[in-house]
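In what follows, a single structure is set out as C-alpha cells and then discussed.
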Amino acid sequence: MIELVVFLAVAGLTAWLTRRRVSQRADSAAQGDVIEVPCLLQHPSLEGRWLRGRLLIGIAGTDWKPRTRAGAAVSLPDGLRQVGVRSPSWREAVKLNGGARIVECTSAEGASLSL
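If you read the sequence shown in my numbering, its first letter stands for residue 446, the second for the next number, and so on.
What follows is the structure, given as C-alpha cells:
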C-alpha cells in the first residue's frame, strides 16, 4: 500500500514538472525568445545515424546545437522545410522511443529527420 502512495506521489510530481517546463517554453516562445527543444537529428550526409542535440527555435529561424562530437560537424541544411509528421516505424521504434514523433523535413541536400 505504501508503494502505491509513493508511486502516485512521484507520478504527480513528474507530471507537474513536465507541465511546468512546457508552459515555460510556450511563454518564452510567445515573448519572442529563442527556445531550446531537445531532439535527435538524422542528417542527409550521415545516413541512418541519429545525433543528439537541441533545436534552437526563434524569430531568426532554426539552428542546431549538438550534444556530441559527431554532431559538431553537422549544421542544418539551408532551405530546410517541414514536409510531415509521423510515428516511428517498427524498426525505428526498437532503436528510439516508440511514442515519439518524427518530423520529416526536406532541403536541397536531401531528406532530413528530426525526433
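The C-beta atom is built at its ideal place from N, Cα and C for all residues, glycine as well.
As the structure is a computational prediction, the values presented were derived from the model and not from experiment.
Residues near residue i in its chain [Cβ-Cβ closer than 6 Å; skip 5 each side]
i	result
Pro483	Arg499
Ser552	Pro522, Gly524 and Leu525
Residue range of the alpha helix (DSSP H) that includes residue i
i	result
Val455	Ile447 to Ala475
Val539	Trp535 to Lys540
Outcome for residue i when other beta-carbon atoms lying within 10 angstroms are tallied against a minimum of 16
i	result
Leu496	buried
Own chain, CB closer than 7 Å to residue i, minus 5 neighbours either side, in chain order
i	result
Thr513	Leu496 and Arg497
Pro533	Leu541, Gly543, Ala545 and Ile547
As assigned by DSSP and simplified to three states, the class of residue i
i	result
Arg514	helix
Arg546	coil
Asp478	coil
Delimiting residues of the beta strand (DSSP E) encompassing residue i
i	result
Arg526	Arg526 to Arg531
Pro522	No beta strand (DSSP E) contains Pro522, which DSSP labels as neither H nor E.
Arg499	Leu496 to Gly503
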